[in-house]
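Residue 204 in the numbering used here sits at position 183 of the sequence shown, and the numbers go up by one each step.
Glycine residues also receive a C-beta, built at the ideal position from the N, C-alpha and C atoms.
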Amino acid sequence: MPFVFVIRFLVLVWGLCQFVGVGAGTRGAKPGPGKPAPHVTPAAAPRDEQRAFAARFYQRRCASCHGDDFTGGEGRALHPEIPDFTSAAWQKSRSDAQLLVSILDGKGKGMPPQHHRLNRDQARALVAYVRRAGPPRPAAPAVLDDFERRFAELQQQLEELREQYRRLVEAAAKQEAKGANKPAPGP
Ligand code: HEC
22 MPFVFVIRFL VLVWGLCQFV GVGAGTRGAK PGPGKPAPHV TPAAAPRDEQ
72 RAFAARFYQR RCASCHGDDF TGGEGRALHP EIPDFTSAAW QKSRSDAQLL
122 VSILDGKGKG MPPQHHRLNR DQARALVAYV RRAGPPRPAA PAVLDDFERR
172 FAELQQQLEE LREQYRRLVE AAAKQEAKGA NKPAPGP
């Protein structure tokens, strides 16, 4: 039976390590050396769906001000402060987190909040969509994408560990049941 506790402890320590690892991931840290990323089938379909959603949503709710060409040309007469999403300088001047907040909560007088229409993932998809309007940014890998990929990896690892843990607990319980049938060995 103590064996089960050891396993439980290990799982806890593992979880803690992973948690700290996630924190490092958000700061753009690379996976540690000697620790190859586990094989994960890329979640291609959901990502494509998110992209398609963003494109549709942009057309319906954003293009009237920000333009089909993302330059804001159409809305600038009415809102002089509207940004040009195709400008490298503008893209550089904002973090993904800032864009996420602006899209959800709105900004200034002209940019209407969208939090009642978007969940977090959808808002993130829109951030990615706005980013894609700018020139490619090879120097600055998209932290959000990185984070999401790592998060998916960790979730899968956690699932696998849970499964292993469940099997171990079952095996231990069987052992114990067997042991209970035998007379206890004397001291
Ligand atoms: C009614 C016009 C209007 C609509 C519709 C609109 N925006 Fe904006 N948007 C603005 C204006 C004006 C600004 C500049 C706000 C400021 O800096 O004061 C802005 C700014 C932004 C910014 C930059 C925020 C920042 O932190 O600098 C992003 C990103 C953005 N909009 C995305 C979107 C998306 C995505 C949609 C559709 C869901 C959308 N906007 C719909 C007018 C609009």
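- In the structure shown, Lys128 falls within a strand segment according to DSSP collapsed to helix, strand and coil.
- Inter-residue distance for Ala110 and Phe91 is about 14 angstroms (C-alpha atoms, whole angstroms).
- In this structure, Ala76 is the residue among Glu70, Pro67 and Ala76 with its C-alpha nearest to the C-alpha of Arg152.
- Within 6 angstroms of the C-beta of Gly131 there is at least one heavy atom belonging to ligand 1.
- Taking the Cβ atoms as the reference, Gly94 lies roughly 10 angstroms from Cys86, outside the contact range of under 8 angstroms.
- For the set Arg115, Gly127, Met132 and Arg81, the Cα lying nearest the Cα of Pro101 is the one of Met132.
- Under the rule that a run must span 3 or more residues, no beta strand (DSSP E) segment is found entirely inside the segment 164-199.
- Exposure of Val190 is indicated by the presence of fewer than 16 other C-beta atoms within 10 angstroms of its C-beta.
- When distances are taken from the beta-carbon of Leu125 to the heavy atoms of ligand 1, even the shortest one reaches 6 angstroms or more.
- For Ala146, the three-state secondary structure derived from DSSP is helix.
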